[in-house]
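A quick write-up on the structure given underneath.
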Amino acid sequence: MAEDEDLVPRIGHDREALAELYRRHVRALLGYAGRRLGNPTDAADLVAAVFLEVIRTAGRYDPARGTPRAWLFGIAATLIAAHGRSRGREARALQRVYGRRELSPEDHGELAGRIDAARSAELLQHAVDALSPAERELFLLVAMDGLTSAEAASVLGIAPAAARMRLARARRKLRAALPAPVLALVGSL
């Protein structure tokens with residue numbers, strides 16, 4: 167089976183190389199995008215855009231700058247940032263045009279579900295929220311998206327040693343902030 171590093175250079179002329187890279191990473195990218203965008207449709211659209219960008223830029227991939235997995239997550243992070251800027255402009259424009267809208271019954275149901283989910287994970291969320299933004303993003307890339315600390319370092323543009331130290335600090339803070347029963351549910355930090 168070909169390694170990711172062998173697939174990327176073949177993308178321009180081998181359709182199966184792109185398909186294989188997609189199969190290997192689509193779930194992780196969907197999870198990453200879903201957590202950051204909060205909408206499965208937006209996440210799916212963003213992941214499609216990631217792979218369009220992969221097709222467009224595969225010839226410029228530089229293995230010295232990181233693994234293909236980190237490259238994919240870096241593309242996703244860039245597109246998520248652009249998406250956020252675009253959504254903010256859209257929301258402001260719509261609010262000026264339409265003003266406020268009332269919540270529909272479906273909105274109430276979704277909101278109640280979100281409140282229940284938030285309560286069930288409140289302690290863990292508070293502990294993660296208490297991390298610095300840099301620690302939190304690194305922790306989520308490793309714990310939720312399955313990247314190695316070196317891959318996450320590449321996505322964030324920091325040195326691998328700095329990522330390892332930041333990750334150790336984040337885990338230490340989480341272990342100190344969470345009671346034993348929550349730690350048991352979460353597993354090893």
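Going by this note's numbering, the first residue of the sequence shown is number 167, and it counts up by one from there. By construction, the Cβ of each residue, glycine as well, lies at the ideal position given by its N, Cα and C atoms.
*the stretch 206-214 / the stretch 227-237 touching (three or more Cβ pairs under 8 Å)*: Counting C-beta pairs closer than 8 Å gives fewer than three between the stretch 206-214 and the stretch 227-237, which falls short of the contact rule.
_Quick check on Asp311: buried or exposed, where buried means 16 or more other Cβ atoms within 10 Å of its Cβ?_
For Asp311, the number of other beta carbons within 10 angstroms of its own is at least 16, and it is reported as buried.
*Using the rule of at least 16 other Cβ atoms within 10 Å of the residue's Cβ for burial, across every protein chain shown, is Ile246 buried or exposed?*
Classification for Ile246: buried.
*Considering Met331, what are the terminal residues of the alpha helix (DSSP H) in which it resides?*
From DSSP, the alpha helix (DSSP H) with Met331 extends over Pro326 to Ala343.
*For Ala183, which of Leu173, Val192, Arg190 and Arg189 has the nearest alpha-carbon?*
For Ala183, the nearest C-alpha among the options comes from Leu173.
*With distances taken from CA atoms, which of Glu171, Glu276 and Ala293 is nearest Leu349?*
That would be Ala293, whose Cα lies nearest to the Cα of Leu349.
*asked:* For a test of the three-state rule: what should DSSP assign to Thr381, helix, strand or coil?
replied: Residue numbering for the chain in the displayed model covers 167 to 355; residue 381 lies beyond these limits and cannot be assessed.
*Closest by C-alpha distance to Gly171, when choosing among Leu218, Ala342, Gly225 and Glu219*: Note on identity: in this sequence residue 171 is Glu, with Gly being the wrong assignment. The candidate whose alpha carbon is nearest that of Glu171 is Gly225.
*At least three beta-carbon pairs within less than 8 Å, the stretch 218-232 to the stretch 195-202*: Contact between the stretch 218-232 and the stretch 195-202 is absent, because fewer than three Cβ pairs lie under 8 Å.
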